[in-house]
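Below is one structure, written out as C-alpha cells; comments come after it.
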Amino acid sequence: MMVVKHVPRTPTNPSAYVTNSPESMNFAMTSYHSPNSSTVSCEKTELTHSLAGPFPSVSLFKEYQNAAMAILEKSDYTMISGNAYIKKTGWRKIAFYFNLSFEIKDKTIKFDENHNVQRAEFIVRAYMQGGRFSDGWGSCERREKKFMKPNHDIPSTAETRAKNRACQDLLGIGEYRPGARHAQG
Numbered sequence: 083m084m085v086v087k088h089v090p091r092t093p094t095n096p097s098a099y100v101t102n103s104p105e106s107m108n109f110a111m112t113s114y115h116s117p118n119s120s121t122v123s124c125e126k127t128e129l130t131h132s133l134a135g136p137f138p139s140v141s142l143f144k145e146y147q148n149a150a151m152a153i154l155e156k157s158d159y160t161m162i163s164g165n166a167y168i169k170k171t172g173w174r175k176i177a178f179y180f181n182l183s184f185e186i187k188d189k190t191i192k193f194d195e196n197h198n199v200q201r202a203e204f205i206v207r208a209y210m211q212g213g214r215f216s217d218g219w220g221s222c223e224r225r226e227k228k229f230m231k232p233n234h235d236i237p238s239t240a241e242t243r244a245k246n247r248a249c250q251d252l253l254g255i256g257e258y259r260p261g262a263r264h265a266q267g
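Quick note on numbering: the sequence shown equals residues 83 to 267 in my numbering.
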C-alpha cells in the first residue's frame, strides 16, 4: 500500500531543500508496518517554482518555457493560415504547470430585443503565486462564426480568449516555439 500526502507548497521549514529544476522533487520516505505487509509513504516536502523569484537566469527561464511547451500534445494546437496556435486546452495545461489562478474582473454581455446574446467582452486577471498578475481582454460576437448555442458559446469564447491572453502576457510565452531562434533587437 502506497500513501501519498500532499503538503503545502509554501515552505514551513526555512532549511527545506529547494530545487530549481521542474523535473526534480524532494521526497521524504517513511515506512509503515501493517499486520499484512510493510508500506511506504512518499511525501512531497517541497516543490517551489523558481520563476517566483525576482530575476531568473535566461537559461532557467528557457528551461521552464521548454518544459511548459513539452507538456502540450498535437491536439493542443490548431492551424490557422499555416501557423500553429495553442488552443484552450494547451493554455490551461500551461496555466496548471505554472500554478496560475484566474479572476474575472469585468464582463459585458449585450443582448438583442429577444434576449439573445449578440456580443460579449471579458477582462480576466491571471495571478502567479508570487503576486504577479496580468489582465487579458477578450471579446466575441455573433457574426464571427456560426455558433451551435450562441447564448452560451459567445460569452464562453470571450472568456476563453481573455484567459488565454492574460496567461500569455503573464508568462511571456505566447509566440514561443521551442528550439526557434528569435531575432535580437
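Quick reminder that beta carbons are idealized off the backbone N, C-alpha and C, glycines included.
- In this structure G213 is exposed. Its beta-carbon is surrounded by fewer than 16 other beta-carbon atoms within 10 angstroms.
- When C-beta atoms of the region 217-231 are compared with those of the region 188-204, three or more pairs fall below 8 Å, so the two segments count as touching.
- Its chain contains I205 and R207 as the residues whose beta carbon lies nearer than 6 Å to that of K187, once the 5 sequence neighbours on both sides are disregarded; these appear in chain order.
- Judged by DSSP in its simplified three-state form, I236 adopts helix.
- When Cβ pairs closer than 8 Å are counted between the two stretches, the region 172-188 is seen not to touch the region 225-233, the count staying below three.
- Going by beta carbons, L252 and F215 fall inside the 8 Å limit.
- In the assembly as shown, A166 is an exposed residue. Its beta-carbon has fewer than 16 other beta-carbons within 10 Å.
- Judged by beta-carbon spacing, W173 lies beyond the 8 Å limit of N233, meaning their Cβ atoms are not closer than that value.
- CA-CA distance, L154 to T160, rounds to 12 Å.
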